[in-house]
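Down below is the structure, laid out as structure tokens.
In full-length UniProt numbering, the protein residues as written are 1 to 149.
As structure tokens, this is what we get:
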């Protein structure tokens, strides 16, 4: 592992521990040359997942898009960063546990909405309003009525 500070090839592992609910290993490393410390994460490489977008356009799965959507929905809400990271991990685990090579973006959107409904109802409505493309107040009210039942 190259040192991110000086580029040296010689680094040693100081500490290893499980991370992300035992789905990864967190390693603290120290450079043998400059003595600076840094953290790396080791994860199992998964099969590439293709997302089928509207109009049958296919693109590689991007965890960052899910994270960005959840972050926007939770903006100025009493939701911690750790809760957001956990929600993203839960969504991702659900998706990969389906063991499919291709998945429609609509399925991902529904999974995200279900997770947000558990996390924060305002964040859920925010996400749903963009995801379901609410056209008017009545559509918005219909979704709120479903949530209140």
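Think of the CB as a built atom: it goes at the ideal place given N, C-alpha and C, for glycine as much as any other residue. Since this is a predicted model, take the numbers as computed values, not measurements.
Pairwise C-alpha distance: residue j and residue i
i: residue 99; j: residue 126; result: 29 Å
i: residue 67; j: residue 145; result: 27 Å
i: residue 118; j: residue 90; result: 12 Å
i: residue 101; j: residue 59; result: 12 Å
i: residue 141; j: residue 114; result: 18 Å
i: residue 132; j: residue 106; result: 10 Å
i: residue 1; j: residue 10; result: 7 Å
i: residue 139; j: residue 70; result: 21 Å
i: residue 80; j: residue 121; result: 15 Å
i: residue 19; j: residue 31; result: 22 Å
i: residue 128; j: residue 88; result: 16 Å
Coarse secondary structure for residue i, derived from DSSP in three states
i: residue 53; result: coil
i: residue 29; result: strand
i: residue 107; result: helix
i: residue 68; result: helix
i: residue 8; result: coil
i: residue 41; result: strand
i: residue 91; result: helix
i: residue 16; result: strand
i: residue 58; result: strand
Within 8 Å, strictly: CB atoms of residue i and residue j
i: residue 95; j: residue 84; result: no
i: residue 26; j: residue 14; result: no
i: residue 43; j: residue 23; result: yes
i: residue 51; j: residue 111; result: no
Exercise for review: Examine the Cβ distances between the stretch 37-44 and the stretch 54-63 and report whether three or more of them are shorter than 8 Å.
Suggested key: Contact fails: fewer than three Cβ-Cβ distances are below 8 Å.
Point to revise | Inter-stretch contact (C-beta, 8 Å, three-pair minimum) for the stretch 72-87 and the stretch 1-10 | key: The answer is no - the stretch 1-10 does not touch the stretch 72-87, with fewer than three Cβ pairs under 8 Å.
Practice item. Enumerate, from N- to C-terminal direction, the unbroken alpha helix (DSSP H) stretches of 4 or more residues contained entirely within the stretch 113-148. Key: 121-131 and 137-148
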